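Trainee:
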Amino acid sequence: MHKTPKVNEVNEFIEIASDFEDPLEVIREALSNSYDAEATWVEIEIKQDDEGRNTLIIKDDGHGMDEQDLESFFDLGNSNKHDAIGYKGHGTKIYYKSDEIRVESVKDGNHIESVMEQPWETLNNHELPTYSIDTEETDETTGTRIEVHGFRAGQGFDPEQLTYNKIEHYIKWKTIGGSTAWHFDDDFHEFDIKVTLSPQIDDTRKPIETTNKLEFPDENLYPDGEFVAERMCKHFPPRELTVTLDDGRELTIEVVGMVGGKEARNELPTYGKHSAQFGIWLAKDHIKVERYNDAIGADNEFFHFFFVANCQSLELSANREKIRNKSGDVYQAITNELERFMTKVCQEEWYRDYIARRKLEDKKRSVQSQESSLQDRLVKTKEQGGLSPSNPAEVIAALERYSANGSPETVEIADFRMDEEVNAIVNTDDGYKNAALQAKLSDFFEDETPLTHIDRFICWKLGDLDALTKIERASYLGEPIRFDFSNNEVMYGDGDAKTIPILELADKV
Amino acid sequence: MVSFDVIAEAGEARRGQLQINDRALETPHLFPVVNFYGGGNEPALFGGGIHRTVKEFMVNHPPTTGGTDYSDLFGGVMTSISSLTDYGIREKKLEEYLDNEIREWGKFSDYDGMIFADSGGYKILKQGGELEGEDFTKDISQDKALDMQLDLGPDIVVNLDHPIHPDDEFEERIEKMEKTAVNARQLAERRDEVDGACYLTVHGYYEAMLERSFDAIEDELDRPIPEVFDGIALGSLVPRKDNVEVLIEAVSDCRLEMQQRGYNDLPLHVFGISGNAMPLLVAVGADTFDSASYLHQAINGKYCVNLFETVPVEEADFHACDCRICNDGLHRDRMRNRLDDLYQKDILGSVAAHNLAIQQRELRRFRQLIAEADEDQIAAYLEEAVKDQKGFRKFAYKLINERIKPYFDDDGETSYA
Chain A
1 MHKTPKVNEV NEFIEIASDF EDPLEVIREA LSNSYDAEAT WVEIEIKQDD
51 EGRNTLIIKD DGHGMDEQDL ESFFDLGNSN KHDAIGYKGH GTKIYYKSDE
101 IRVESVKDGN HIESVMEQPW ETLNNHELPT YSIDTEETDE TTGTRIEVHG
151 FRAGQGFDPE QLTYNKIEHY IKWKTIGGST AWHFDDDFHE FDIKVTLSPQ
201 IDDTRKPIET TNKLEFPDEN LYPDGEFVAE RMCKHFPPRE LTVTLDDGRE
251 LTIEVVGMVG GKEARNELPT YGKHSAQFGI WLAKDHIKVE RYNDAIGADN
301 EFFHFFFVAN CQSLELSANR EKIRNKSGDV YQAITNELER FMTKVCQEEW
351 YRDYIARRKL EDKKRSVQSQ ESSLQDRLVK TKEQGGLSPS NPAEVIAALE
401 RYSANGSPET VEIADFRMDE EVNAIVNTDD GYKNAALQAK LSDFFEDETP
451 LTHIDRFICW KLGDLDALTK IERASYLGEP IRFDFSNNEV MYGDGDAKTI
501 PILELADKV
Chain B
1 MVSFDVIAEA GEARRGQLQI NDRALETPHL FPVVNFYGGG NEPALFGGGI
51 HRTVKEFMVN HPPTTGGTDY SDLFGGVMTS ISSLTDYGIR EKKLEEYLDN
101 EIREWGKFSD YDGMIFADSG GYKILKQGGE LEGEDFTKDI SQDKALDMQL
151 DLGPDIVVNL DHPIHPDDEF EERIEKMEKT AVNARQLAER RDEVDGACYL
201 TVHGYYEAML ERSFDAIEDE LDRPIPEVFD GIALGSLVPR KDNVEVLIEA
251 VSDCRLEMQQ RGYNDLPLHV FGISGNAMPL LVAVGADTFD SASYLHQAIN
301 GKYCVNLFET VPVEEADFHA CDCRICNDGL HRDRMRNRLD DLYQKDILGS
351 VAAHNLAIQQ RELRRFRQLI AEADEDQIAA YLEEAVKDQK GFRKFAYKLI
401 NERIKPYFDD DGETSYA
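So the protein lines, in turn, are chains A and B. Here the first sequence stands for residues 1 to 509, where the numbers follow the working numbering. Here the second sequence stands for residues 1 to 417, where the numbers follow the working numbering.
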């Protein structure tokens, strides 16, 4: 006996429609469909009423839809497109997350109108929604108009979330509107894109009017000026890389890109952090999908780069957000070749000049900030009337000054190691002594350093006397301790106590 | 009579012919390091183990080679006076070895390759300027080193040097360079005793350092370098052998320094470096190399797949290799340990010969490419060689981009494949 596996159609529709998480994906699908329909223009309008319900209107002058195309539009996995972006028949199912889908289209002298009522509610009632079809002859030019009412965009289309800038960025980074195909294809199919938001959503600027070409900022190889690295920009011309797999299959990777400083990159419709937008993008159908920044290698920072590597052999997830065949040899071969290519870019002379220039300018900035810091320090030094040590090195300077100005005893630094607990060996009238040298004596005790090998304390000031008294009243590392400030001594230990002289320099220099 | 003729050039790479008396050598060339005297007697080719097997390949000993002549792998070999005591020999033995020149021994009489006799400065310096045997130590001065070199009957000798180290303090480095310069002068004074080529050692990792090394020697000599010396040997690179960027800079700057001083017609030898860096160093002007890596890899059971990769010999796919050793059933059986009564020296001796064949094959290819004077082919060869070497290829790409042809021209035209 043979049985045929069943598909729960309602659940599949819900699954696929729900796969599209970002409501902006509706724009990507609309642009892809218009591109596939060979439109020369597409207009998208997003409106929101006072109750927060969204309406999407998508119009284009593509070749339109007939009844069979309409079936593909509403059916799941029944695309009649081959060699097109929407070959899977998944994309338009994003519209199902709405209260009504209305499609009007003109093709071959026929005007077709179709309405699907309450698709999302119907699916959630475990039923398949239906759609009406009315056809009449017309002399209108071809094209399609899709109106989606009550589109469930979550908060994605809320005025607080949605802006023209965000959409423009999305178009250039995530849709066919950011295509790099024109670098490779002489017959590139260019079309105009217009996106209008209702004033309730964004009234800060005019509607977006662009094309489906991703154009890099103008090249600016060696700008004049002192701080110019952020404006530097170079285009790396299109290349077709060919890779042969072990089984003889050939892959073609179309790569084009730019390297540039932040100001140059900001000439693109960037949105958010550059680290999330720049790098090496893998693309299919010239729509960017995921980044592969490992291609650049650890020696270089990826955000200087904006490269798009398109390969039609990449396989994508249903919502086109991820590459699916990452574990296969195709992906491996693509990434290997990209790594080689990007290594060459990184060895290119201009790029190395650019990186050197950035470094130089950083140094210059650091010199400028050094100047201002030095001025602050000078003012402070003048205020405090000269040397006021705050670290052991400055204490050494004070000690040298003390010795040079006729000190009653010899105390010369013979050896100094900053990171050692007993950081100095000093040459004195009684020979070499181990010394703890600190800006403040109290700092030494805060660190709970053992006193066993210390013969002398040398400090600028005694520091926090209350803290020292507190230690005296308790104990220090389990032993009694007494600070005799009048005689500048520390007595440490039970019975045969050890006496450690303190040299306080502040009142002597 | 010594001459070096550059036959063809491609960029900075050059193909040349080194003629020393009646022996000629095509460059770029790798001098495999051979230990002629390894503690034994003549019937055993003066020492056992893999060193003996290698020498049997060199002198075409049929029971070892299987009848095929592989001596061309040893068209020029490097040996060092410091290696004479590698096996802790007694003084009497040393004297016995040095009593005859290498080719005066019956076993070596048919060997007709060039012998480059190194002074072994690195090892001697490490041993405090002495050569240590089992029952003796000998102070090695420049004169003593030359005496011993000449006792070997060499085609090329080189002055006793004081190699520098990357960690040397500046003063220490200067002192070493000056000592090397004094030795160079002393060798120059005895130039007439050498019936072959005299090479001069220089040391440095970049131009300023090399400039100082050359200056020290020029100051010491009373004649221009090319009037005394027939080649320049760049030393002290072994401690930096894994940093190909440093190697490229050192060789390239040495070549530049030679050009500026008018010594460009002299061959440039690079001490102690072979393997993956070799093609890149040829591309920036190195003419000859020496190395024992083919042997050390074999001793460690490593079989070279190419210049970059080795695999344990048990895992090697001999059929994927086009070298003559791997195409010989006898050697495949040996390397696979499939014959009775095989010693390690038999198994690994064939591996060493294979490893050397791989390195010589690459240089042979390079010689052909240079002869065709086609820089594009050289770039393509280098690219192909490094294409799977992630950490390494950026240096090759940089070299190609800067010295052979830019990957991205300013006019947008591409030279990229």
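Each residue gets a CB set at the ideal place from its N, CA and C atoms; glycine is no exception. Being a predicted model, the structure only gives us computed values, none of them experimental.
Taking Cβ positions only, does residue 412 of chain B come closer than 8 Å to chain A?
Mentor: Residue confidence is low: residue 412 of chain B scores 45 on pLDDT, short of 50, so the model does not pin down where it sits. Its coordinate-derived value is still stated next. At least one chain A Cβ lies under 8 Å of residue 412 of chain B.
Trainee: In the DSSP assignment, what residue or residues form a beta bridge with residue 242 of chain A?
Mentor: For residue 242 of chain A, which the question treats as bridged, DSSP gives the partners A/252.
Trainee: Measure from the C-beta of residue 416 of chain B to each C-beta in chain A and report whether the shortest distance is under 8 Å.
Mentor: Low local confidence applies: a pLDDT of 42 at residue 416 of chain B is under 50, so the model's placement there is unreliable, with the coordinate-based value given in what follows. It does; some Cβ of chain A falls within 8 Å.
Trainee: Note down, in chain order, every chain B residue with its Cβ under 9 Å from the Cβ of residue 346 of chain A.
Mentor: Those within 9 Å of residue 346 of chain A in chain B are 394, 397 and 398.
Trainee: Residue 407 of chain B CB to nearest chain A CB: under 8 Å?
Mentor: Chain A contact via Cβ: present.
Trainee: Spell out the partners DSSP gives residue 41 of chain A in its beta bridges.
Mentor: The partner list for residue 41 of chain A (beta bridge, DSSP) reads A/192.
Trainee: Count the other C-beta atoms from every protein chain shown that fall within 10 angstroms of the C-beta of residue 418 of chain A, then say buried if there are 16 or more, exposed otherwise.
Mentor: With fewer than 16 Cβ atoms within 10 Å of its Cβ, residue 418 of chain A is classed as exposed.
Trainee: In this structure, how does DSSP classify residue 369 of chain A when only helix, strand and coil are distinguished?
Mentor: Of the three classes helix, strand and coil, the one that applies to residue 369 of chain A here is helix, per DSSP.
Trainee: So is residue 343 of chain A in contact with chain B if we call contact Cβ pairs under 8 Å?
Mentor: Yes, its Cβ sits closer than 8 Å to a Cβ of chain B.
Trainee: Leaving aside the five residues before and after residue 453 of chain A along the sequence, list all residues of the same chain whose C-beta is less than 7 Å from its C-beta, in chain order.
Mentor: Closer than 7 Å at Cβ, skipping near neighbours: 422 and 434.
Trainee: So, are the CB atoms of residue 576 of chain A and residue 160 of chain A less than 8 Å apart?
Mentor: Residue 576 of chain A cannot be examined here, being either before or after the span of chain A that is shown, 1 to 509.
Trainee: For the region 71–93 of chain B, which residues have a CB atom closer than 7 Å to at least one CB atom of chain E, in sequence order?
Mentor: Here the protein chains are A and B, and chain E is not one of them.
Trainee: Between the region 286–294 of chain A and the region 320–340 of chain A, can you find at least three pairs of beta-carbon atoms closer than 8 Å?
Mentor: The answer is yes - the region 286–294 of chain A touches the region 320–340 of chain A, with three or more Cβ pairs under 8 Å.
Trainee: Less than 6 Å between C-beta atoms, sequence neighbours within five positions excluded: which residues of the same chain meet that for residue 227 of chain A?
Mentor: Taken in chain order, the residues that qualify are 361.
Trainee: Can you tell me whether residue 385 of chain A is buried or exposed? The criterion is at least 16 other CB atoms within 10 Å of its CB, across all chains shown.
Mentor: That one is exposed.
Trainee: Helix, strand or coil for residue 415 of chain B? Go by DSSP, reduced to three states.
Mentor: Confidence is the limiting factor: at residue 415 of chain B the pLDDT is only 42, short of 50, which leaves the residue's position unreliable and the question unanswerable from this model.
Trainee: Assuming residue 267 of chain B and residue 30 of chain B make a contact with CB atoms under 8 Å, what is their CB distance in whole Å?
Mentor: Not quite, the Cβ-Cβ distance comes to about 13 Å (not below 8 Å), so this is no contact.
Trainee: What residue ranges within the region 243–301 of chain B form continuous alpha helix (DSSP H) runs of no fewer than 4 residues, ordered along the chain?
Mentor: Listed in chain order, the complete alpha helix (DSSP H) runs (minimum 4 residues) inside the region 243–301 of chain B are 244–260, 278–283 and 293–299.
Trainee: Give the secondary structure of residue 228 of chain A by DSSP, where H, G and I count as helix, E and B as strand, and everything else as coil.
Mentor: Residue 228 of chain A falls in the coil class under three-state DSSP.
Trainee: Quick one: using the 10 Å Cβ neighbour count with 16 as the cut-off for buried, is residue 64 of chain B buried or exposed?
Mentor: Label assigned to residue 64 of chain B: buried.
Trainee: On the CB-based measure, 16 or more other CB atoms within 10 Å of its CB, does residue 285 of chain B come out buried or exposed?
Mentor: It is buried - the Cβ of residue 285 of chain B has at least 16 other Cβ atoms within 10 Å.
Trainee: Does the separation of the CB atoms of residue 211 of chain B and residue 257 of chain B fall below 8 Å?
Mentor: Yes, Cβ-Cβ distance for residue 211 of chain B and residue 257 of chain B is below 8 Å.
Trainee: Nearest CA to the CA of residue 422 of chain B: which residue from B/76, B/273 and B/383?
Mentor: The structure shown has nothing for residue 422 of chain B, since chain B only spans 1 to 417.
Trainee: DSSP state of residue 1 of chain B, grouped into three classes?
Mentor: Three-state result, residue 1 of chain B: coil.
Trainee: Which residue marks the beginning of the alpha helix (DSSP H) containing residue 165 of chain A, and which one marks its end?
Mentor: Start and end: 164–174.
Trainee: Counting C-beta neighbours from all protein chains within 10 Å, is the total for residue 170 of chain B 16 or more, i.e. buried, or is it exposed?
Mentor: Result: exposed.
Trainee: Grouping DSSP H, G and I as helix and E and B as strand, with all else coil, what is residue 303 of chain A?
Mentor: Of the three classes helix, strand and coil, the one that applies to residue 303 of chain A here is helix, per DSSP.
Trainee: On a CA-only basis, which of A/272, A/281, A/224 and A/359 is nearest residue 175 of chain A? Give me that one, please.
Mentor: Selected option, being the one with the closest Cα: A/281.
Trainee: Quick one: give me the first and last residue of the alpha helix (DSSP H) that residue 183 of chain B is part of.
Mentor: Taken as a continuous stretch (DSSP letters only), the alpha helix (DSSP H) holding residue 183 of chain B covers 170–189.
Trainee: Out of B/359, B/366 and B/404, point me to the one whose CA is closest to residue 376 of chain B's CA.
Mentor: The shortest Cα separation from residue 376 of chain B among B/359, B/366 and B/404 belongs to B/404.
Trainee: Residues in its own chain within less than 6 Å of residue 302 of chain A by CB, not counting five upstream and five downstream?
Mentor: 279, 293 and 296.
Trainee: Counting only runs that start and end within the region 88–165 of chain A, where is the alpha helix (DSSP H) found for 4 or more residues in a row?
Mentor: 119–124, all fully within the region 88–165 of chain A.
Trainee: Which same chain residues, not among the five before or five after residue 506 of chain A, have their C-beta less than 7 Å away from its C-beta?
Mentor: Taken in chain order, the residues that qualify are 460 and 461.
Trainee: Report the three-state DSSP secondary structure of residue 80 of chain B (helix, strand or coil).
Mentor: Three-state DSSP puts residue 80 of chain B in a strand.
Trainee: Cα separation between residue 371 of chain A and residue 363 of chain A?
Mentor: When rounded, the distance between both Cα atoms is 12 Å.
Trainee: By the DSSP assignment, the beta strand (DSSP E) with residue 231 of chain B in it spans what residues?
Mentor: Here the beta strand (DSSP E) through residue 231 of chain B covers 231–235.
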